[in-house]
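Novice: Quick one: structure below, then a few questions.
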Amino acid sequence: MATQRFKALELVSQRKPHDVTPPSSKVSEYFGVNTFDTRMMKQMLSSDVLDSLTNAIEKGEKINEYVADAVASAMKTWAISKGATHYTHWFQPLTGSTAEKHDAFFELAADGTPMEKFKGSALVRQEPDASSFPSGGLRQTFEARGYTAWDPTSPAFLIESGKSKTLCVPTIFVSYTGEALDNKAPLLKALERVDRAATEVCQYFDKNVTKVIATLGCEQEFFLVDKAMAQARPDLMLSGRALFGRKPPKGQQLDDHYFGSIPLRVQRYLQDLEIEAYKLGIPITTRHNEVAPSQFEVAPVFEEVNVANDHNALLMDVMEKVAQFHNFTVLFHEKPFAELNGSGKHNNWSLSTNTGKNLLSPSTKAKENLQFLTFFVNTLKAVHDYSDLLRASIASAGNDHRLGANEAPPAIISAFIGSQLTAILNELEHNGDVKVDKGDNVYMKLGIDKIPPILLDNTDRNRTSPFAFTGNKFEFRAVGSSSNNAAPMTVLNTIVARQLEEFKIAVDKQIEKDVKKEVAIINVLREYISSSKNILFEGNGYSEEWVKEAKKRGLPNVKSTPKALDAMVSKKAVTLYKKMDIMTESELHARHEVMLENYVLTLQIESRIMADIAKNHIVPTAIMYQNHLIQNVKGLKEIGLDDETQEVVTTIRAISKHISEIKRLSHEMTQERKRINAIEDSREKAVAYDEDIKTKFFDELRWHCDKLETMVDDEIWPMLKFREMLFLR
Ligand code: ADP
Ligand code: MG
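Whatever position you read off the sequence shown (first residue = 1), add 161 for this note's numbering.
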């Protein structure tokens, strides 16, 4: 393996940045060219078809066969004109990645005439050979197959792979009995519920609001490693993270990478990525270095949640494809390099109306601020009441290294709102019963006439909070970089929808009793502020004091995935999802099962790779070096330098100790795995993998191997070192 390491280093030293030529100097000239978007639809569809499609997109109305055929035919014509030969239903199974099954447009008619075909039925529904996608047992019990169904709210797009192009149709993936087998189906339901609930609440303030859309802008963090280097590290290739390796002497201490200049090779890669993203209508805007060396971030302008999520999933695919060309490997893992900063996928979220108003944006008008406070406080209350579900929605083996680990946000869900809003909520809470007389300025009496329109400047930002209000949106920062946004977005939108429904009921009750509307609203908000304020935290979320304080407040701090996932199937969760009509109990259990299986598989793979690398690569190298030292001792003795052998012998002994510990730990870990693999119950098995494999063995095994890295001759060390991988040129 050492040969591979040096070959990689040699190769990398000769790498040159690739030239990148944008299709045009103006992005507007090629933005979205590879999507069948609204512009294309307007051009290619008759007005009645367009109307039905718009109604389907905006109001969720059903699409009939005639409309489906017309849309399919237009899509086909468009795709073929762009050089596409195949089409596929594109979906997001519970594995967290994306899936496709390609079919050719080309068909032979019954009489043998060759033709290109894409009927409405093929657009609307497909049966992928889905038996290999995880279903948590749902399909086995009912029907072996599932089907994919067109989601007209997300535009179809073209994927280029080499010279061939494929039309991709975003779809949901469900079983024959209608259970969701993917991430998108429940998300769409949650978005519909939050639309309905928020629209109703908006009626208190503005009768013109007929629709509320949830918005999402997600910042994607990632690491880049040279392809040859990644390929020379089996742990990076198979588990996405370095299971061994010492922190480089120069790490992120100096923070010089953050916002520093981007190496040219990376710049070209990001430029190329931007072009490909633009063609697909993904509006990337920012790019900069992140905290750790070789860590970067791309963020698009926010969009409607479902589209934004599709765009993020698609972007991740595109990032990997473009990286190939630039000889990079993208690491989406939450913690690819121990002791360096991890990667997240910050979910910036808000609600916005058909009248163009951001409901989480404070205003200069007092009346609008009552509306702002309504949505703001209801969101906090929802997060307070269901923080365990939010925690569960971001739980994964990878994110466990980030949340609750040393230098990262804790697994405690708290919210940061800034000093000004804290003061405002405080005042509202303690305002007591407000009496409003005729002719009074009700907003002044309520104390909400003085909310400044711009709430936060950059100094008032807290980057250690998992759920932070950032002036006109909330930022859910605890989401892991490799995850699909649908899970956290389904939870957040569902709990906010439910909360808004409850709020509406409570306010209406008071209005019925002749309480003035504005006063009723404030009365209910006041109750919410006081019952949910213990999730508010303005201090350093990474500190030990917060962990203690949170414990005092009774906030949950569940550090490991198998236990965090319990909340998914709690009585409270089952009731919530049933009431909101998002998922049935069996769907929840199936999902829970898939998550646990996923967790077990991840740790199983990591454990196997660790034992393999330790026993078959590190130990033999250490023995080789040890033999070299033994020869050295013999030689010294031969020429009469007996005294000088002392130090070498000490090293030989130390190496022996590490070798025998590595052998012992690998052996015991393998035995433990055998025992645990026989456990039937998924939760019990996942907990055992966490506590009896990961916790008991990983760190210790790694420690001995990493020690050897410091002792053994660099010339024969088999694994690329962090310092070699992390400083890209
Ligand atoms: P930072 O790194 O400081 O958190 P960025 O500018 O990198 O900020 O990212 C902010 C993200 O929030 C962007 O994707 C942006 O489009 C998104 N965003 C801004 N306004 C909204 C909104 N109303 N709803 C959802 N996302 C939003
Ligand atoms: Mg951010």
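Yeah, the Cβ is synthetic: ideal placement off N, Cα and C, and Gly gets one too. These figures come from a predicted structure and were not determined experimentally.
#1: Near Tyr547, what residues of its chain come up, given a Cβ to Cβ distance below 6 Å and the 5 sequence neighbours on each side ignored?
#2: In angstroms with no decimal places, state the Cα-to-Cα distance between Lys440 and Thr514.
#3: Of the residues Val668, Pro395, Glu481 and Asp851, which one's Cα is nearest the Cα of Asn777?
#4: Between Glu458 and the ligand ADP, is the CB less than 8 Å from at least one heavy atom?
#5: Could you please give the first and the last residue of the uninterrupted alpha helix (DSSP H) stretch that includes Leu661?
#6: Return the CA-CA distance between Arg638 and His507, expressed in angstroms with no decimal places.
#7: To the nearest angstrom, how far is the alpha carbon of Gly406 from that of Ala772?
#8: Quick check on Asp875: does DSSP put it in helix, strand or coil?
#9: Helix, strand or coil, according to DSSP, for Glu845 in the structure here?
#10: For the putative contact between His545 and Ile696, defined by C-beta atoms under 8 Å, what is the C-beta separation to the nearest angstrom?
#11: Could you spell out the range, first to last residue, of the alpha helix (DSSP H) harbouring Asp549?
#12: Just checking Gly503 against the ligand ZN - is the residue's beta carbon closer than 8 Å to any of the ligand's heavy atoms?
#13: Write down the C-beta distance between Thr332 and Phe252 rounded to the nearest angstrom, noting that I regard them as a contact closer than 8 Å.
#14: What I want to know is whether the C-beta of Gly378 ends up closer than 8 Å to one or more non-hydrogen atoms of the ligand ADP.
#15: Excluding five sequence neighbours on each side, which residues of the same chain lie with their C-beta closer than 6 Å to the C-beta of Arg166?
#16: Round the Cβ separation of Ser511 and Thr376 to the nearest angstrom and send it over; I've been treating them as touching at under 8 Å.
#17: If I follow the unbroken beta strand (DSSP E) through Gly281, where does it start and stop?
#18: Please check the pair Cys379 and Asn473, which I expect to be a contact at CB under 8 Å, by giving their CB distance rounded to whole angstroms.
#19: Look at the alpha carbon of Lys542 and the alpha carbon of Ile690, and state the distance between them as a whole number of angstroms.
#20: Please list, in chain order, all residues of the same chain as Lys168 whose beta carbon is under 8 Å from its beta carbon, the five residues on each side excluded.
#21: Please report the residue range of the beta strand (DSSP E) in which Glu375 lies.
#22: On a CA-only basis, which of Phe489, Arg286, Ile683 and Phe266 is nearest Asn225? Give me that one, please.
#23: What does a CB cutoff of less than 7 Å around His562 pick up in its chain, not counting 5 residues either side in sequence?
#24: So Gly307 is in the beta strand (DSSP E); what residue range does that whole segment cover?
#25: Taking just the CA atoms, how far does Phe533 sit from Leu686?
#26: Ser692 by DSSP, collapsed to three states: which one?
#27: Tell me whether the beta-carbon of Phe498 lies closer than 9 Å to the beta-carbon of Leu521.
#28: Return yes when the Cβ of Leu749 is within less than 9 Å of the Cβ of Tyr738, no when it is not.
#29: Taking only runs that begin and end inside the segment 518-592, name each unbroken alpha helix (DSSP H) of 4 or more residues, in chain order.
#30: What do you get for Lys220, buried or exposed, if any count of 16 or more other CB atoms within 10 angstroms of its CB means buried?
#31: At the level of alpha carbons, what is the spacing between Met741 and Leu653?
#32: Quick check on Gly641: does DSSP put it in helix, strand or coil?
#33: Roughly how far, in whole angstroms, is the beta-carbon of Ala240 from the beta-carbon of Met205, given that I think they are within contact range, below 8 Å?
#34: By Cβ distance, which residues of its chain are closer than 6 Å to Leu172, with the 5 residues on each side in sequence left out?
#35: Return the residue from the list Gln671, Gly565 and Asn646 that minimises the CA-CA distance to Glu705.
Specialist: According to the structure shown:
#1: Ile656
#2: 28 Å
#3: Pro395
#4: yes
#5: Ala647 to Glu673
#6: 4 Å
#7: 15 Å
#8: helix
#9: helix
#10: 5 Å
#11: Ser548 to Ser554
#12: This structure does not include the ligand ZN; its bound ligands are the ligand ADP and the ligand MG.
#13: 5 Å
#14: yes
#15: Ala393 and Leu881
#16: 5 Å
#17: Counting along the chain, Gly281 falls outside any beta strand (DSSP E), though it belongs to the alpha helix (DSSP H) covering Gly281 to Val285.
#18: 5 Å
#19: 7 Å
#20: Ala389 and Ala393
#21: Here residue 375 is Ala; the residue named in the question, Glu, does not match the sequence. It spans Val373 to Asp387 - the beta strand (DSSP E) in which Ala375 sits, taken as one unbroken run.
#22: Arg286
#23: Glu495, Lys496 and Gly503
#24: Gly307 to Trp311
#25: 12 Å
#26: helix
#27: no
#28: yes
#29: 527-546, 548-554, 558-561 and 580-590
#30: exposed
#31: 13 Å
#32: strand
#33: The Cβ separation is near 11 Å, so there is no contact.
#34: Ala389
#35: Gly565
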